[in-house]
Amino acid sequence: MADYTNLEKIRLEKAQQLKELGVDPYPRRVKRTHTIQKASDAFLAIEDDQEAEPVQAVLTGRIRSVRPMGKITFAHIEDGTGRIQLFFRADDIGEDQVSFFDDHYDLGDFIQASGKVFRTRSGEISLRISEYTMLAKAITPLPAAKDEVVDGEVVQHATLTDPETRYRQRYADLAVNPDVREVFRTRTKTIRAIQHFMDSKDFLEVETPVLQPIYGGAAAQPFITHHNQLKQDLYLRISFELYLKRLLVGGFERVYEIGRDFRNEGVSFKHNPEFTQMEFYWAYADYQDVMGLTEELFAFVVEEVMGAKSFTYKGQEISLDQPWQRVDLREGIIDTTGIDIHKYKTATGLAKAMKSLEMEFNPKAARGKLIENILDHYLEPTFIQPTFVYDYPREISPLAKTKEGDPNTVERFEGFMGGVELCNAFTEINDPVDQEERFLEMGRSYSEGEDEHHPLDEDYLRAMRYGMPPNGGFGMGVDRLVMLLADKHTIREVLLFPHLRETEK
RNA sequence: GGGCGUGUAGCUCAAUGGUAGAGCAGUGGCCUUUUAAGCCAUUGGUUGGGGGUUCGAGCCCCUCCACGCUCACCA
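Numbering-wise (my numbering), the first sequence opens with residue 1 and increments by one.
Shown next as structure tokens:
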């Protein structure tokens, strides 16, 4: 049984009183005739017409402020479309009905209110109440003090700000912070825009297994689960890649998927154990083609969501109105650090060069990891405007085709903006023999002291042996894109229910 | 996992080692066009949990928990 606070006990008592008076505080039926927005619009349309019938409306919403003044009471209610003031007056409904409202209704309660829309002396569009009824009694007070409306804007006073409570009780956060609701509208708009764009390019949206007997397509620890009847361990997917490419073997030329990936790893401002990914695979295309499509995709999404070809992130304007900057990874590293990675063919040599420049790195890292480390720490933060970095070391890209004449470099790029990595793409390997070797290479590098082991996906290789068209693939962290567009600096602000540690009791 | 920081009333925040407070919300009054309405009165606390030092701890020490920032990790 819940442990009620004193404030909650008072409200429970009010609910009980309603029941004793024969009023159901949680009735089954509602009769709404207008949303608040529609009622206001209807009023504005006839306001100047002396002959017009007044707007009669039955509105529903949550009580957000109350001002009792003796024989009249003002209150504001809020529905999904806006706010409106309610005006209870003894001359209209009798003193008993005004004080009944004052005595039994609280901030946060859902109410149904009927009456005429009018404008008060001070000029605010309001509903002159003729009848009202409880729709849902709120027992726990919303974690907000009060708000007022200034020039149509809701100004909040001492609302909920504690991040832990906001994430653990997102329902309360949403109920009280309209800007948080707006973030999640932006999130949905972003996903819709991606779908519209991909659909318009004849990509087929598909769904592939979340429960997989073998995980792959990325280097990450999986979550493991078990199918009882089949007596089989299964993994939650860490990527969609290997399933989507099987579809290219099957004859689909352009496929994409938007969905959840699960990685059993650290939680940070840009990592959540489950996150949303978009991947596409495009037959007969290479990574240069994918770069072009990526530019178009982002330009489209930003324009759809933001209504402009640019947006502001951390105070910096990011423009999608021109081709992205293109940086060769090797040259980028030379320009920023002076190190030419081609001159250092081993991890020890490269580490030595990094050490002489007093760069920080993990001494146990392989050469490819060191290069990635340089990219992450020294180049990535400088890529504010949209930037592609291309041509990566082979050893950190086991699914990407090598460059012609350069077996140590692969046709791969990553996209950045706002100093954040957003996407990753390459010309995909479609030679089954090459792919098997690369998998084995990967297995070896992990077995050298790493706890990560990588299962070999024989079925994926079998699929490829049937013949896979040359293709370009692309993956993008959707949460991070939403972070950019909503100008939020932690992934938790763009996840409705971010993962938090369980609390005791 | 490491470092730094935070945790006080429903919410937002105060409080030299010396009686735990304020605003809002709540409760009881007054008030027929208010806008965080106003005025008078008033309730509400295991100061995140546990232990210690001290005549005395919200404050100092130890420990545990949660959250935040950050580093590490993160084809």
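For each residue, glycine too, the CB sits at the ideal point set by N, CA and C. Please read all numbers here as calculations on a predicted model, not as lab measurements.
Comparing alpha carbon positions, the residue from A353, E131 and S122 closest to I111 is E131.
Between R330 and T503, the alpha-carbon positions lie close to 47 angstroms from each other. Of the candidates G80, I72, R260 and E51, I72 places its Cα closest to the Cα of A90. Within the model, the alpha-carbon separation for K352 versus E372 is close to 16 angstroms.
For R32, the secondary structure class from DSSP, reduced to helix, strand or coil, is coil. The bridge partners DSSP lists for W282 are R254 and G472. Considering only E279, F100, L230 and P273, the residue with the shortest C-alpha distance to G259 is E279. Under the DSSP definition of a beta bridge, R83 partners with E78. For M417, DSSP records a beta bridge to V420. Burial of N424 is indicated by the presence of at least 16 other C-beta atoms within 10 angstroms of its C-beta. Annotation for T188: the continuous alpha helix (DSSP H) segment containing it runs P178 to S200.
Excluding sequence positions up to five before and after H226, its CB lies within less than 8 angstroms of the CB of Q232, D233 and L234, all in the same chain and listed in chain order. Taking M306 as the centre and dropping the five residues before and after it, the same chain places the C-beta of L485 closer than 8 angstroms to its C-beta, in chain order. Note that the C-beta distance between I384 and V301 is not below 8 angstroms. When DSSP states are grouped into helix, strand and coil, P432 belongs to the helix group. Taking V478 as reference, the option from F439, D431 and E421 with the minimal CA-CA separation is E421. Take K309, set aside five residues on each side of it, and the residues of its chain with a beta-carbon closer than 7 angstroms to its own are A299, V302, E303, S319, L320 and D321, in chain order. DSSP places L59 inside the beta strand (DSSP E), whose first and last residues are Q56 to M69. Judged by their CB atoms, A57 and A39 are nearer to each other than the 8 angstroms cut-off.
At least 8 angstroms separates the beta-carbon of R412 from that of E395. Within its own chain, the residues whose Cβ lies closer than 7 angstroms to the Cβ of R168, once the five positions on either side in sequence are excluded, are L500, listed in chain order.
Straight-line spacing of the CA atoms in F388 and D376 works out to 14 angstroms.
About 36 angstroms separates the CB atoms of E164 and E205; that is not less than 8 angstroms, and the two are not in contact. By the Cβ-count criterion, E441 is exposed, with fewer than 16 other Cβ atoms from all chains shown falling within 10 Å of its own Cβ. A straight line joining the alpha-carbon of Q229 with that of Q212 spans about 16 angstroms. Take F439, set aside five residues on each side of it, and the residues of its chain with a beta-carbon closer than 6 angstroms to its own are L456, in chain order.
By the beta-carbon neighbour count (other beta carbons within 10 angstroms, threshold 16), Q17 is exposed. Rounded to the nearest whole angstrom, the C-alpha separation of T276 and Y287 is 23 angstroms. The Cβ neighbour count for H196, taken over all protein chains shown within 10 Å, is under 16; the residue is labelled exposed.
Going by C-alpha positions, P273 is about 31 angstroms away from W324. Straight-line measurement puts the Cα of R237 at about 22 angstroms from the Cα of V482. Taking C-beta separations shorter than 8 angstroms and ignoring five residues to either side along the sequence, the partners of E95 in its chain run K71, following chain order. Burial is judged here by how many other beta carbons sit within 10 angstroms of a residue's own beta carbon; E428 has at least 16 and is buried.
Take the alpha-carbon of F100 and the one of F203: they are about 60 angstroms apart. Following the DSSP letters along the chain, one finds E317 in no alpha helix (DSSP H) but inside the beta strand (DSSP E) bounded by residues Q316 to S319. The shortest C-alpha to C-alpha distance from G467 to any of G250, I339 and S122 is the one to G250.
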